Structures are given as C-alpha cells and as structure tokens.
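Worksheet: the structure to be examined is printed underneath.
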Amino acid sequence: MPSAPLPPSSSPPEDERIGDRDLADWRTDAGRLVVRGAARGATLVARLGRWSVANLALLLTVGVGLAVVWGFAATSAEVYENVVDRDGISVVDQPVLDWSVAARTPMTERLATDFTDLGGTIGMPVIAVVVTVGLALLWRGWTPVVLMLIASAGSLAMTLTGKDLAGRARPPRSLTVPPYETSASFPSGHTLNATVVLGLTAYLLVIWLRKKRWRTVVIIGLGAFVVAMGLSRVYLGHHWLTDVVAGWAIGLGWLACVITGHRVRLTLERSRRASPPGG
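In short: position in the sequence shown from 1, add 13, done, that's the working numbering.
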C-alpha cells in the first residue's frame with residue numbers, strides 16, 4: 014500500500030460524492046493527516062487479521078472519535094454540574110422552563126407528547142431500522158447498515174455514560190407534563206439520538222440524491238426535526254435547556270466522527286483499487 018492516499022480520481026462513483034464534491038478529496042492538512050494516521054494504524058492491525066486496511070481504518074477512526082467525544086461529554090457533565098452548583102441554572106434553564114409552562118395548552122401538550130415519543134426508546138429504534146433498510150435498498154449495499162449500527166451504538170453509549178457521570182436531576186414534576194421519566198437529565202437522550210440517527214440519514218441521502226434542491230430539502234427537513242425534538246423536551250418539562258444543547262453538541266460531534274470514518278474508508282479503498290498489483 015502507498016505511504017499516503019492517492020489523489021481522488023477525476024470522476025468518482027456517485028456514492029462517493031455529494032454533488033460535485035468528492036468525499037475522498039481532503040482539502041485541509043488536518044484532514045489529510047487523519048487519513049495518513051488511520052491508514053498507518055490500520056495497516057499495522059491488518060497484519061494480524063484478514064480485514065482490509067480501509068475497513069479497519071473506518072473502525073479505528075470512529076473508535077478514536079468515540080473516545081474524544083466521550084471525553085467531551087464527561088467534561089461537559091462536569092461543567093454543567095459546576096454551573097448548577099453556582100446557581101447558574103436560574104440564569105438560563107429556569108426562565109426558559111417557566112416560559113414553556115406559561116405557553117402550554119392542552120392541545121399543544123398532547124401534540125408535543127406525541128411528537129417527542131418518536132425520539133423515545135421505542136420510536137427512535139423503529140425509525141432507525143426503517144431508515145436503515147430504506148437506505149440500504151437505495152444504495153444497494155451494506156454501507157448504510159454498517160454506518161447506522163456504529164452511529165447508533167456510540168450514541169447509546171454516550172447517552173448512558175453521560176447520564177451516569179452527571180446524575181443531574183430533571184425539572185420538578187410539578188412543571189412536567191406526564192408521563193414522568195426517572196433517568197438522569199443530562200444529556201437529553203432523545204435529542205442526542207435524534208441528532209445522530211437523522212443526521213446520518215441526511216448525510217447518506219444527500220450522497221444519493223443528485224439534485225441540489227432535494228439535498229437542501231432533506232437537510233432543512235431533518236434538521237428542523239432534530240431541533241424540534243430537542244425543544245419539545247424543554248417544552249414538556251422533561252429536560253432543562255442545557256441538557257438539550259448538550260445533546261445537540263455531543264450528537265453532532267459523534268456524527269462528525271462517523272462521517273469522517275466513512276470518508277477515510279472511501280479514500281483508502283480507492284487508493285487500494287488504484288494501486289498496481291503487489292503495490
């Protein structure tokens with residue numbers, strides 16, 4: 014294998030670009046450094062098994078990314094705990110919750126509850142499975158399945174460990190719309206998981222879609238869904254606003270790691286195909 018990835022071809026396959034942007038075209042020194050590091054690490058591991066360097070580089074990249082994002086989640090939990098200890102909660106969280114309580118009506122409570130259930134322990138797994146199967150059929154390959162499994166597993170792990178680390182109490186039940194939840198408040202699992210699952214869905218769809226206007230519709234539509242999911246948690250009193258903001262931030266960080274891992278795999282796989290036999 015060459016010491017550095019080959020430059021992207023002039024006409025990459027349709028499932029390796031978004032519009033005219035080649036996903037294997039790394040335009041920054043930092044990006045190229047990530048590819049070289051993943052390639053070298055995966056090459057060493059590949060000597061012990063039969064997996065390709067490209068597949069191992071994908072796992073290596075998302076593995077390192079998971080560790081980084083998990084560290085960010087742990088640090089965020091400590092920061093939010095310090096904010097709470099200094100009564101910072103009264104500066105942001107409590108006023109937003111009070112406004113939400115004042116804005117509620119029986120109809121909006123019912124609609125918000127039905128919507129937020131889509132991001133729950135039943136709704137979001139069902140959405141993830143349906144979306145994954147649909148994307149696999151569109152792509153006619155296993156890439157969406159592999160990426161969704163990696164993304165969902167990491168998202169669930171960060172949700173559970175984040176809650177255990179922070180142990181933050183939810184808003185008072187007197188200000189919460191039933192049904193009540195008993196797990197820790199930080200971070201918002203509904204928000205984090207929706208960000209990852211729907212964010213990855215948007216990424217895979219914009220690769221598959223050829224027309225820019227439809228890619229724009231997908232990004233705006235799924236982005237609005239993710240934002241609405243987080244705000245519904247605050248509106249119903251299930252989370253503080255800062256729990257939701259943390260869910261968005263951690264979810265986007267992990268999503269970026271998964272997308273980077275996919276792009277690294279594409280780059281190294283193309284480099285392998287372009288190498289001469291025995292190269």
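Just so it is clear, CB atoms sit at the ideal spot from N, CA and C, and this is done for glycine as well. This one's a predicted model, so the numbers in the text were calculated from it and none came from an experiment.
- Residues in its own chain within less than 6 Å of Val-144 by CB, not counting five upstream and five downstream? Around Val-144: Thr-214.
- Query: Considering only the beta carbon of each residue, do Trp-152 and Thr-204 sit closer than 7 Å?
  - Reply: Going by beta carbons, Trp-152 and Thr-204 fall outside the 7 Å limit.
- Task: Determine which residues share a DSSP beta bridge with Arg-30 and list them.
- Result: Asp-35
- Item | Leu-249 versus Ala-125: straight-line alpha-carbon distance, rounded | Whole-angstrom Cα-Cα distance: 7 Å.
- Item | Reference Cys-270; option with closest CA among Val-48, Ser-24, Arg-40 | Val-48
- Query: Is it right to say Glu-29 is buried, meaning 16 or more other beta carbons lie within 10 angstroms of its own, or is it exposed?
  - Reply: The residue in question, Glu-29, is buried, as its Cβ has 16 or more Cβ neighbours within 10 Å.
- Arg-283 by DSSP, collapsed to three states: which one? helix
- Span of the alpha helix (DSSP H) around Tyr-248: 225-248
- Message: Using a Cβ-Cβ cutoff of less than 7 Å, which residues in the same chain neighbour Ser-196 once the five nearest sequence positions on both sides are dropped?
- Response: Lys-176
- Message: As a quick exercise: from Arg-186, Thr-134, Gly-147, pick the residue whose alpha carbon is nearest that of Leu-169.
- Response: Thr-134
- Query: Can at least three beta-carbon pairs, one atom from the stretch 174-188 and one from the stretch 230-239, be found at a separation below 8 Å?
  - Reply: no
- Query: Residue range of the alpha helix (DSSP H) that Ser-113 falls in?
  - Reply: 106-116
- Take Arg-226 and list the residues in its own chain whose beta-carbon comes closer than 8 Å to its own, dropping the five residues that flank it on each side. Result list for Arg-226: empty, nothing under 8 Å.
- Item | Closest by C-alpha distance to Gly-147, when choosing among Thr-74, Asp-33, Pro-26, Leu-217 | Leu-217
- Query: Can the beta-carbon of Gly-274 be found less than 7 Å from the beta-carbon of Thr-74?
  - Reply: yes
- Check: Ala-37 C-beta below 6 Å from any heavy atom of the ligand MG: Looking at this structure, you won't find the ligand MG or any other ligand, since it has none at all.
- Item | Close beta carbons around Gly-243, own chain, < 7 Å, minus the five adjacent residues each side | Ser-201, Thr-204, Val-257, Gly-260, Trp-261
- Item | Coarse secondary structure for Thr-273, derived from DSSP in three states | helix
- Alpha carbon to alpha carbon, what distance is there between Leu-46 and Leu-279? One alpha carbon belongs to Leu-279, the other to Leu-46, and they sit about 15 Å apart.
- Message: Quick check on the burial criterion: 16 or more other C-beta atoms within 10 angstroms. Buried or exposed for Arg-276?
- Response: In this structure Arg-276 is buried. Its beta-carbon is surrounded by 16 or more other beta-carbon atoms within 10 angstroms.
- Query: Which same chain residues, not among the five before or five after Val-105, have their C-beta less than 7 Å away from its C-beta?
  - Reply: Leu-254, Thr-255
- Report all residues from its chain with a CB closer than 6 Å to the CB of Thr-172; omit the five preceding and five following residues, and keep chain order. Contacts found: Gly-202, Leu-205.
- Message: What does the alpha-carbon distance come out to for the pair Val-114 and Leu-188?
- Response: 7 Å
- When we look at the beta-carbon of Pro-15 and count the other beta-carbons within 10 Å, is it buried (16 or more) or exposed? Bear in mind that the predicted position of Pro-15 carries a pLDDT of just 40, short of 50, making it too unreliable to give a figure here.
- Task: Report the three-state DSSP secondary structure of Phe-199 (helix, strand or coil).
- Result: coil
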